[in-house]
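Chains as they are written, first to last, in the numbering used here: chain X, 6 to 355; chain D, 475 to 760.
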């Protein structure tokens with residue numbers, strides 16, 4: 006009995022130590038919000054980056070923490086995007102924040118329903134099923150073009166001001182701030198999930214689902230839960246895109262979108278939450294740069310990069326990244342302990 | 475009605491020739507090759523260049539397309555793919571999707587993004603009328619060629635020494651290796667051969683499937699359906715799956731055009747839920 010109590014004590018102190026915000030993380034977010042004033046001319050690309058980061062975060066939750074290989078995140082992205090667009094077009098829900106939350110709920114419902122499909126089978130089966138679901142939705146959106154606008158996209162969407170106060174202006178200032186805040190809130194939620202005992206059990210499932218079930222973790226239940234949460238996040242990213250562009254096209258369901266998302270995560274690294282964010286920044290700016298060089302053929306370079314990353318080895322790139330993070334956090338730890346003489350325990354680098 | 479059935483069978487046969495290489499690579503190396511369609515596209519473009527630009531006769535263009543793609547596949551296998559077999563599925567997916575992107579953009583750059591057609595000889599155009607069933611001559615040719623190929627493949631797998639090595643390697647790679655079978659070489663040859671078949675399929679199917687740079691992305695899902703639904707342990711599984719898929723797709727597009735490919739995806743998902751190992755898989759082979 007006492008042994009169990011001591012163990013749970015151990016686990017909770019371990020989790021509490023891991024969950025502490027490191028100075029590096031705080032610096033990251035301070036910088037992220039500082040971009041609002043630092044780069045006033047870049048709001049559009051920054052906004053896209055924030056949305057992509059949220060989308061990548063959703064994939065990281067299932068791929069990096071639960072080990073579900075999915076090519077179908079675009080299903081939730083697009084579904085919620087169309088939901089938001091249609092709701093705003095027909096004047097059902099105009100207020101962006103309410104619409105955003107509802108879009109999250111709708112996407113989560115879809116995620117919950119389809120999550121039972123990914124529980125069975127191997128990686129390939131999962132890949133096919135997730136891909137199949139998003140292709141199916143894309144096909145439906147294409148066929149019912151009288152509702153969705155088909156290949157021309159959903160037009161005539163008017164989005165009300167945020168909270169009835171902040172209008173989406175032409176320069177994208179309010180839109181960017183809105184996206185950034187949503188990203189931050191979602192990130193905090195994701196962080197809370199990941200550093201909870203629930204998150205720890207997910208890691209166990211990813212490591213070895215058979216052994217995880219042997220120590221009493223309800224594997225399927227955990228996978229369903231995280232898949233649903235991830236769907237909600239992806240849905241919110243889709244809703245943000247529709248709201249900030251006042252437009253929604255079939256492109257939201259395309260397989261390119263899901264594949265790009267994988268690339269984003271791979272650039273940034275999986276399984277530590279910031280991977281998606283950093284990857285989104287690198288990917289979006291790189292894509293912008295390459296597509297101004299060769300507007301038509303930028304896909305080639307993206308492909309080349311994917312091939313290169315795999316051939317060099319993700320671990321090597323991830324390792325470089327990890328070493329850098331460890332070095333920076335050591336530096337910060339020393340800096341903090343010297344200046345505040347708190348003698349804080351060194352954060353163990355994520 | 476019967477014409478639909480006939481077209482569906484032709485389409486399905488074509489899908490089988492395109493996808494059977496994929497099923498072997500997946501079954502043998504447990505390797506997810508999303509770039510299989512790129513080889514099919516290579517074959518298609520190869521025949522376009524040969525027949526339309528250089529005036530090579532169509533009947534000669536097909537085997538050349540096969541050889542060129544097989545060579546291409548072999549080179550890629552030896553230089554690039556060989557490094558990725560032991561990696562995780564995530565790496566394989568990333569790698570092959572990267573190849574798909576490169577091939578799409580590369581072909582776009584070289585050949586332009588418009589749809590290409592292979593010039594088919596006069597003798598193969600038009601259709602027969604047998605008992606009131608309209609049969610396109612070209613489709614009949616496809617059925618004949620693909621049918622012969624299927625029989626040849628089946629014989630090769632079941633009767634030759636190489637076939638039995640291949641089957642042994644698919645069933646249990648470790649034991650096969652222990653018995654002195656050079657699994658790597660068997661795999662390399664099979665990969666090249668499978669790519670060649672895909673190239674032949676691409677060349678034959680350019681007329682029916684349409685050939686443009688997005689081909690690998692557009693048909694990737696079809697190949698994967700054939701493989702996952704058909705299972706990877708035999709050649710009859712993917713064959714039946716592709717015939718079913720072909721008939722289903724043609725009939726679906728004919729009778730409920732509003733839903734289009736929806737029917738196919740729905741069927742695939744249902745099958746995968748009920749039988750994750752594929753419709754025709756032997757139970758618990760490993």
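Don't be surprised by glycine CBs; every beta carbon is placed ideally from N, CA and C.
For residue 644(D), which of 713(D), 678(D) and 705(D) has the nearest alpha-carbon?
705(D)
Would residue 729(D) pass as an interface residue toward chain X - the criterion being a Cβ-Cβ separation below 9 Å?
no
Check whether the segment 310-317 of chain X touches the segment 565-578 of chain D, taking contact to mean three or more Cβ pairs, one atom from each stretch, closer than 8 Å.
yes
Going by beta-carbon coordinates alone, are residue 52(X) and residue 162(X) separated by less than 9 Å?
It is not a contact, given that the beta carbons lie outside the stated cut-off.
Compute the Euclidean distance between the alpha carbons of residue 177(X) and residue 45(X), then round it to the nearest angstrom.
Going by the C-alpha atoms only, they are around 9 Å apart.
Please list the partners that residue 746(D) has in chain X, where partner means a Cβ-to-Cβ separation under 7 Å.
126, 130, 133 and 134
Rounded Cβ spacing between residue 191(X) and residue 62(X) (contact assumed at less than 8 Å):
7 Å
Note down the Cα distance separating residue 49(X) from residue 33(X), rounded to an integer number of angstroms.
20 Å
Please determine if the segment 739-746 of chain D and the segment 121-141 of chain X are in contact, where contact requires at least 3 C-beta pairs separated by less than 8 Å.
yes
Sorted by chain position, which residues of the same chain lie with C-beta nearer than 7 Å to residue 525(D)'s C-beta, five sequence neighbours on each side aside?
Excluding residues up to 5 positions away in sequence, 532, 535, 592 and 593 lie with their Cβ nearer than 7 Å to the Cβ of residue 525(D) in the same chain.
Mind checking the segment 302-313 of chain X against chain D and listing, in chain order, the residues whose C-beta falls within less than 9 Å of any C-beta there?
The segment 302-313 of chain X vs chain D, Cβ under 9 Å: 302, 303, 304, 305, 306, 307, 308, 309, 310, 311, 312 and 313.
Taking only beta carbons into account, state which residues of the segment 138-153 of chain X come closer than 9 Å to chain D, listed in chain order.
138, 140, 141, 144, 145, 147, 148 and 149
Which runs of the beta strand (DSSP E) at least 3 residues long sit entirely within the segment 46-114 of chain X? Give them in chain order.
Secondary structure remark: continuous beta strand (DSSP E) runs of at least 3 residues inside the segment 46-114 of chain X: none found.
Just list the alpha helix (DSSP H) runs in the segment 565-645 of chain D, keeping only unbroken ones of 4 residues or longer that don't cross its boundaries, in chain order.
If only complete runs of 4 or more residues are kept, the segment 565-645 of chain D shows the alpha helix (DSSP H) at 611-633 and 635-645, in order along the chain.
Quick check for students: name the residue ranges of the alpha helix (DSSP H) that lie wholly in the segment 683-760 of chain D, counting only runs of 4 or more.
689-704, 710-729 and 736-748
Does residue 582(D) have its Cβ less than 9 Å from a Cβ in chain X?
yes
Residues of chain X with CB under 8 Å from residue 693(D), in chain order?
By Cβ distance, chain X contributes nothing, its closest Cβ being about 12 Å from residue 693(D), past 8 Å.
Determine the extent of the alpha helix (DSSP H) in which residue 647(D) is found, giving its start and end residues.
647-652
Residue 160(X) burial status per 10 Å Cβ neighbour count (16 or more: buried):
exposed
Neighbour flag for residue 283(X) against chain D, beta carbons, 9 Å:
no
My assumption, with CB atoms under 8 Å, is that residue 130(X) sits in contact with residue 702(D). Please give the rounded CB distance.
6 Å
According to the Cβ coordinates, are residue 511(D) and residue 689(D) closer than 9 Å?
Contact flag set, yes.
Could you tell me the alpha carbon to alpha carbon distance between residue 96(X) and residue 165(X), rounded to whole angstroms?
10 Å
For residue 262(X), does the three-state DSSP call read helix, strand or coil?
helix
Mind checking whether residue 670(D) and residue 547(D) have CB atoms under 9 Å apart?
Note that the C-beta distance between residue 670(D) and residue 547(D) is below 9 Å.
Please decide whether residue 519(D) counts as near chain X, where near means a Cβ-Cβ distance under 9 Å.
No, its Cβ sits nowhere closer than 9 Å to a Cβ of chain X.
So which residues on chain X does residue 495(D) lean against when the C-beta distance must stay under 7 Å?
Simply none; closest approach about 16 Å.
Please state the DSSP three-state secondary structure of residue 159(X).
strand
With distances taken between CB atoms, is the gap from residue 499(D) to residue 713(D) smaller than 9 Å?
no
Cβ of residue 702(D) within 9 Å of any chain X Cβ:
yes
Flag this pair as yes or no: are the beta carbons of residue 540(D) and residue 674(D) separated by less than 9 Å?
yes
How many angstroms separate the CA atom of residue 207(X) from the CA atom of residue 699(D)?
30 Å
With respect to the alpha helix (DSSP H) encompassing residue 315(X), which residues constitute its N-terminal and C-terminal limits?
Its alpha helix (DSSP H) spans residues 303-317.
Do we get a CB-CB distance below 9 Å when we pair residue 577(D) with the residues of chain X?
yes
What's the C-alpha gap between residue 760(D) and residue 481(D)?
Below a pLDDT of 50, predicted positions are generally treated as unreliable, and residue 760(D), at 37, falls in that range; the measurement from the model is reported next regardless. Spanning the two alpha carbons is a distance of roughly 37 Å.
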